[in-house]
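Novice: Before anything else, here's the structure in question.
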Amino acid sequence: MNISFTIFTPTYNRAHTLPRVYESLVKQTSKNFEWLIVDDGSTDGTQALIKGYIEENKFPIRYYKQSNQGKHIAINNALLLAKNKFMITLDSDDYLVNSCIETCNEIALKIEKDEKCGGFTYIRFSEQYPIDKTKYGQKEWTEVNSYDWEFPGEMSFVFKTKIAKKYPFPVYKNEKFCQESVMLIPITEKYKILFTDHVLAHGDYLEDGLSQNLYRKLIKNPNYALLSFRQKMKISKSNNEKQIIAYSYWDIFLKNKRHKDVLYLFFNTLLNFPIKWTLFVFVNKVKKKLMLFLPTDKS
1 MNISFTIFTP TYNRAHTLPR VYESLVKQTS KNFEWLIVDD GSTDGTQALI KGYIEENKFP
61 IRYYKQSNQG KHIAINNALL LAKNKFMITL DSDDYLVNSC IETCNEIALK IEKDEKCGGF
121 TYIRFSEQYP IDKTKYGQKE WTEVNSYDWE FPGEMSFVFK TKIAKKYPFP VYKNEKFCQE
181 SVMLIPITEK YKILFTDHVL AHGDYLEDGL SQNLYRKLIK NPNYALLSFR QKMKISKSNN
241 EKQIIAYSYW DIFLKNKRHK DVLYLFFNTL LNFPIKWTLF VFVNKVKKKL MLFLPTDKS
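This is how it looks when you write it as structure tokens:
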């Protein structure tokens with residue numbers, strides 16, 4: 001039995017990397033998928049490139065172009081457009097192994113009728129990481145409220161489309177960067193996920209990728225940054241982790257104290273961030289300030 005997949009690729013000025021994505025789809029041993037490209041306002045000939053792929057008619061392709069609003073809005077549009085039962089996100093600088101869809105089909109069949117299960121995972125490895133294939137592709141386990149990962153590769157989610165559609169990103173005006181954990185954490189809190197150690201994708205972060213200069217992006221997009229830290233706080237397990245999140249949270253807020261929506265940010269913060277960790281941060285900040293005025297022992 002074949003299950004249908006929507007392979008979604010968000011892209012922005014990646015006409016130079018999309019051919020590798022396309023070739024990996026052409027080589028799939030199973031063709032029960034559509035390729036949905038959401039273009040975030042590219043100016044490098046991406047539209048003409050995809051038009052050529054559509055004309056080749058190797059498999060169903062849909063192309064949607066939006067004004068430049070960020071990857072999270074591209075994901076929102078993909079959620080509206082996706083038609084098939086499961087949704088795979090394949091970044092424009094990654095590629096799938098030839099058996100990816102075939103393997104995904106086998107995994108999806110195990111959870112298709114389980115209403116408590118929201119999807120499954122596979123591993124995306126760096127191209128330069130040596131893989132001992134005998135050590136992977138054997139483990140499967142189901143958990144709720146888990147965002148942990150024990151492998152050197154990156155965890156990639158494949159969600160049931162009907163479930164993913166319930167969790168679009170909020171929209172904050174004039175902010176273009178949102179960490180994907182804002183969507184992933186609420187889903188993994190409510191639904192079981194079938195975790196697997198199948199290595200089904202490869203790629204590396206490019207120098208112009210979203211992972212570069214993360215802190216700068218968080219500063220420029222405070223509403224999304226603070227939301228992501230609030231969600232991470234809910235699932236953090238150790239006090240050390242909570243401390244790091246709390247300091248990061250208030251650091252982002254304080255660096256935006258002149259933000260035009262600072263009052264909204266402030267009250268949203270007080271209402272939604274644990275008071276215990278707010279006090280922890282500010283008590284420590286006050287202590288550090290006081291230390292500057294205390295006499296030092298010169299003996």
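Start counting the sequence shown at 1; every next residue gets the next number (UniProt numbering).
Cβ coordinates follow ideal geometry from the N, Cα and C atoms, glycine included.
If you draw a straight line from the alpha carbon of residue 300 to that of T142, how long is it in whole angstroms?
Specialist: Since the first residue shown for the chain is 1 and the last is 299, residue 300 is missing from the structure and cannot be characterised.
Novice: In chain order, which continuous runs of the beta strand (DSSP E) of length 3 or greater are located wholly inside the UniProt domain "Glycosyltransferase 2-like" (6-123)?
Specialist: DSSP runs (the beta strand (DSSP E)) wholly in the UniProt domain "Glycosyltransferase 2-like" (6-123): 33-39, 61-65, 86-89 and 94-96.
Novice: My parser needs the beta strand (DSSP E) runs of 3 or more residues fully inside the segment 172-253; what are they?
Specialist: Taking only runs of at least 3 residues, the beta strand (DSSP E) segments lying wholly in the segment 172-253 are 192-196 and 199-203.
Novice: Helix, strand or coil: how does DSSP classify D165 here?
Specialist: The residue labelled residue 165 in the question sits at position 165 within the sequence shown. Checking the sequence, you will find Lys at residue 165 rather than Asp. K165: coil per DSSP, three-state reduction.
Novice: So, for T17: in the same chain, excluding its five sequence neighbours on each side, which residues have a beta-carbon less than 7 Å away from its beta-carbon?
Specialist: Residue mapping note: residue 17 aligns to position 17 of the sequence shown, counting from 1. Within the same chain, T17 has close Cβ partners S92 and D93.
Novice: Should D208 be labelled buried (16 or more other beta-carbon atoms within 10 Å of its own) or exposed?
Specialist: On the sequence shown, position 208 is the one that residue 208 refers to. Bear in mind that the predicted position of D208 carries a pLDDT of just 49, short of 50, making it too unreliable to give a figure here.
Novice: In chain order, what residues of the same chain have a beta carbon less than 7 Å from the beta carbon of L218, not counting five sequence neighbours either side?
Specialist: As a position in the sequence shown, residue 218 is number 218, starting the count at 1. Cβ within range, chain order: A225 and I252.
Novice: Just the C-alpha distance for N19 and Y95, rounded to the nearest angstrom, thanks.
Specialist: Stepping through the sequence shown from its first residue, residue 19 is reached at position 19. Stepping through the sequence shown from its first residue, residue 95 is reached at position 95. Rather than Asn, the amino acid found at residue 19 in this sequence is Pro. P19 and Y95: Cα-Cα distance of roughly 10 Å.
Novice: For V26, is the classification buried or exposed, using 16 other Cβ atoms within 10 angstroms of its Cβ as the cut-off for buried?
Specialist: In the sequence shown, counting from the first residue as 1, residue 26 sits at position 26. When all chains shown are included, V26 counts as exposed.
Novice: Looking at the unbroken beta strand (DSSP E) that takes in S156, where does it start and where does it end?
Specialist: Numbered from its first residue, the sequence shown carries residue 156 at position 156. Counting along the chain, the beta strand (DSSP E) containing S156 begins and ends at E154 to K160.
Novice: Give me, in chain order, the residues of the same chain whose beta-carbon lies closer than 7 Å to that of Y167; leave out the 5 immediate sequence neighbours on both sides.
Specialist: Translated into positions along the sequence shown, residue 167 becomes position 167. These residues qualify, in order along the chain: M183, P186 and I187.
Novice: Leaving out the 5 sequence neighbours to the left and right, which residues in its chain are closer than 7 Å to I101 when beta-carbon positions are compared?
Specialist: Here residue 101 refers to the residue found at position 101 of the sequence shown. These residues qualify, in order along the chain: F5, Q28, S30, N32 and F33.
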